[in-house]
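Enquirer: First to last, the sequence lines map onto chains A and B. The first sequence: position 85 = 85 (this note's numbering), numbered continuously. Residues are numbered in this note's numbering as their position in the second sequence, beginning at 1, plus a constant of 1000.
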Amino acid sequence: MTLLRIDPASPTPPFEQLRTQLLAQIHDGSLGPGARLPTVRRLADDLGLAPNTVARAYRELEQIGAIETRGRHGSYVPLSSDATTNAAQEAAAAFVARLRALGIPESQARDYLDAALRT
Amino acid sequence: MNVPLPLLVIALAWIVLAVTLATLTLVPRYRAWRARGMARSVGLELDDSARPMVERALATRERGRLIGGTVGLALGLAAIAARPVHDDLDQWFTFAGCFIGIGVGTAVGAILARPRSPESGPRVARSREVTLGDYLTPLEHRGAQVLVLLAVVFALTAAVLVAGFEREQPRAVTTLVIAGFAVAALAARELIGRAVLAQRSPASDLSRLAWEDAQRADTLAQLTLAPLLLGGLGVVFAALTAFGALAPTLLSVVIGTAIPLVLIMGFIAVTAIWASRSPHRHFLRVLWPEIAVANGTMHRENEQR
């Protein structure tokens, strides 16, 4: 079902809740290629968020190619989008960013990744 | 004044009915009864979180429908009164005005009954843009467009065919006006329907969101009634006009009677098939398939296929 649920009491910031839920729906095909997303203003109104919050989530999804914005026509899931590849690339980037933030060296990070892949 | 007495009586009866029903919308028991009726009709549970919103929105839309119908009826009567030459079909102007008024009034009521935002807590929303096709069956959505187009083509053809027959001129004008009403009704459906879709729907839970969809589907169905009916009427009237002028012989009179009859019967048959597929639950099948399966709407439709 193409529904979004934002909980303001959650420790995860609203923009991150929105971004991950949209990405999950693109990934599992609920939001199929060509699906048109609500406008930033409409979604912000419906979810009780600031328009900037929704715009930021859309912008980040656009940067990883999960959605595309066609000017005044709105935002769409691209017809040629490979959502799985995009999601995998994003997960890898998040993994690297988190380990860098923890100060883990690259070789040790690879060990962790290999160990995780073997489980 | 050139308005026939029976039409004035019908108009008066409508006004009495409209005032009575509009007054009833202020009575809590009537509002609760209407909301329960809608819950049964659309197959949604009316829980405590959605009840106040549903009752308020239903009452506002019903008042809009009644006021719109009355204004449309008055405009239809004014159109008849303003005609210098009459024919026996122009009484349909009244019904055309009333149908359009009902649709527009309901939509204005829906737009005015803006849902209140939940003060705090989680919020739910749809992640894709909704379209008219999510709320209207293909017969309502595309059928109205096709019927109105046919009405215009038939009316223009009839007007050209009877151009040399002076006796048929008032009827040709009536047919063109009905086709014009159909076009206006379709334009209202497309424009106001989009405004209804663009309305925000702040919801704190899935029940409220589903009820928002139910209200929206009902409003759009009301808006679609006028182009469907007027498109159908336009086609029948155009056939009557053309055959009335070109078919003075007995055989032609029979054909002239048979064609509208076949058209009317076809219209009734299509409407019956459409009604048997529970069109008021179309939005459930498209937007809430889990609920549709749970309450048997989806299962029943699949059996019919």
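For each residue, glycine too, the CB sits at the ideal point set by N, CA and C. All of these numbers come straight from a predicted model, not from anything done at the bench.
1) Is the Cβ of ALA1184/B closer than 8 Å to any Cβ of chain A?
2) So that I know if they touch, is there some Cβ in chain B lying closer than 8 Å to that of ASP111/A?
3) At a cut of 8 Å, does the stretch 1037 to 1046 of chain B reach the stretch 1059 to 1072 of chain B through at least three beta carbon pairs?
4) Using DSSP bridges, identify the partner residues of ASP1125/B.
5) Of the residues that make up the stretch 1047 to 1068 of chain B, which ones have a beta carbon closer than 8 Å to any beta carbon in chain A?
6) From PRO1084/B to ASN1002/B, what does the alpha carbon distance come to, in whole angstroms?
7) Once DSSP output is grouped into helix, strand and coil, what is the label at ALA1172/B?
8) Taking C-alpha atoms, which residue in ALA1125/B, GLY1109/B, GLU1055/B lies nearest to GLY1064/B?
9) With a Cβ-Cβ cutoff of 8 Å, do TRP1274/B and THR1137/B count as a contact?
10) Is ALA91/A near the ligand FMN, in the sense that its beta carbon is under 7 Å from a heavy atom of that ligand?
11) Can you give me the start and stop residues for the alpha helix (DSSP H) that PHE1199/B sits inside?
12) Step through the CB atoms of chain B and report whether any lies within less than 8 Å of the CB of ARG70/A.
13) Contact check, LEU1206/B vs TYR1135/B under 8 Å by CB: the rounded distance?
14) Starting from the beta carbon of PRO38/A, find every residue of chain B whose beta carbon is closer than 8 Å, and list them in chain order.
15) Compute the distance between the beta-carbons of PRO1227/B and ALA1185/B, then report whether it is under 8 Å.
16) May I have the straight-line CA-CA distance separating LEU1147/B from ALA1081/B, to the nearest angstrom?
17) What does the Cβ neighbour count give for TRP1033/B, buried or exposed, with the cut at 16 atoms within 10 Å?
18) Within this structure, are the beta carbons of ALA1125/B and ASP46/A separated by less than 8 Å?
19) Under a CB-based cut-off of 8 Å, is ALA91/A close to chain B?
20) Suppose the cutoff is 8 Å on Cβ atoms and the five residues either side in sequence are ignored; what does the same chain contact list for LEU1007/B look like?
21) In the DSSP output, what is GLU68/A paired with across the bridge?
22) Grab me the residues of ILE1067/B's own chain with a C-beta within less than 6 Å of its C-beta, minus the 5 sequence neighbours each way, in chain order.
23) What does a CB cutoff of less than 8 Å around GLU62/A pick up in its chain, not counting 5 residues either side in sequence?
24) Under 7 Å Cβ to Cβ from PRO13/A, same chain only, skipping five residues before and after it: list those, please.
25) DSSP three-state call for ALA1319/B: helix, strand or coil?
26) Here's a check: name, in chain order, each residue in its chain whose Cβ is nearer than 6 Å to the Cβ of GLN17/A, leaving out the five neighbours to either side.
27) By Cβ distance, which residues of its chain are closer than 7 Å to GLU1303/B, with the 5 residues on each side in sequence left out?
28) For TYR58/A, count neighbouring C-beta atoms within 10 Å of its own C-beta (all shown protein chains included) and say buried if the count is 16 or more, exposed if not.
29) Identify whether ARG19/A lies in helix, strand or coil by the three-state DSSP scheme.
30) Across which residues does DSSP place ARG36/A in a beta bridge pair?
31) Can you list, in chain order, the residues of its chain with a C-beta nearer than 8 Å to that of ALA1203/B? Leave out the 5 residues immediately preceding and following it.
32) Let me make sure I understand the geometry here. Which of LEU1240/B, SER1276/B, LEU1287/B, SER1278/B has the alpha-carbon closest to that of ILE1264/B?
33) Mapping the DSSP letters down to three states, classify VAL1054/B as helix, strand or coil.
34) Check each candidate in ALA1294/B, GLY1234/B, ALA1096/B and name the one with the smallest Cα separation from VAL976/B.
35) On the CB-based measure, 16 or more other CB atoms within 10 Å of its CB, does PRO38/A come out buried or exposed?
36) Measure the CB-CB distance between ARG1285/B and LEU31/A and report whether it falls below 8 Å.
Expert: From the atom records:
1) no
2) no
3) no
4) The residue asked about is misnamed: residue 1125/B is Ala in this sequence, not Asp. Its beta-bridge partners are LEU4/A.
5) none
6) 9 Å
7) helix
8) GLY1109/B
9) yes
10) You won't find the ligand FMN in this model; it holds no ligand whatsoever.
11) Note on residue identity: the sequence assigns Gln, not Phe, to residue 1199/B. That residue, GLN1199/B, is in no alpha helix (DSSP H); it is neither H nor E in DSSP.
12) no
13) Going by Cβ atoms, the distance from LEU1206/B to TYR1135/B rounds to 17 Å, so no, they are not a contact pair.
14) ALA1125, ARG1126, SER1127, ARG1128, GLU1129
15) yes
16) 28 Å
17) exposed
18) yes
19) no
20) LEU1077, ILE1080, GLN1091, THR1094
21) TYR76/A
22) GLY1105
23) GLU68, THR69, SER75
24) none
25) Shown here, chain B extends from 1001 to 1305; a query on residue 1319/B therefore has no answer.
26) ILE6
27) Note that GLU1303/B scores 45 on pLDDT, short of 50, meaning its location in the model is unreliable; the coordinates nonetheless yield the value given after this. There are no such residues.
28) buried
29) helix
30) TYR76/A
31) PRO1115, PRO1118, ARG1123, VAL1124, ALA1125, LEU1209, GLU1212
32) LEU1240/B
33) helix
34) This structure gives no information on residue 976/B, because the portion of chain B shown stretches from 1001 to 1305.
35) buried
36) no
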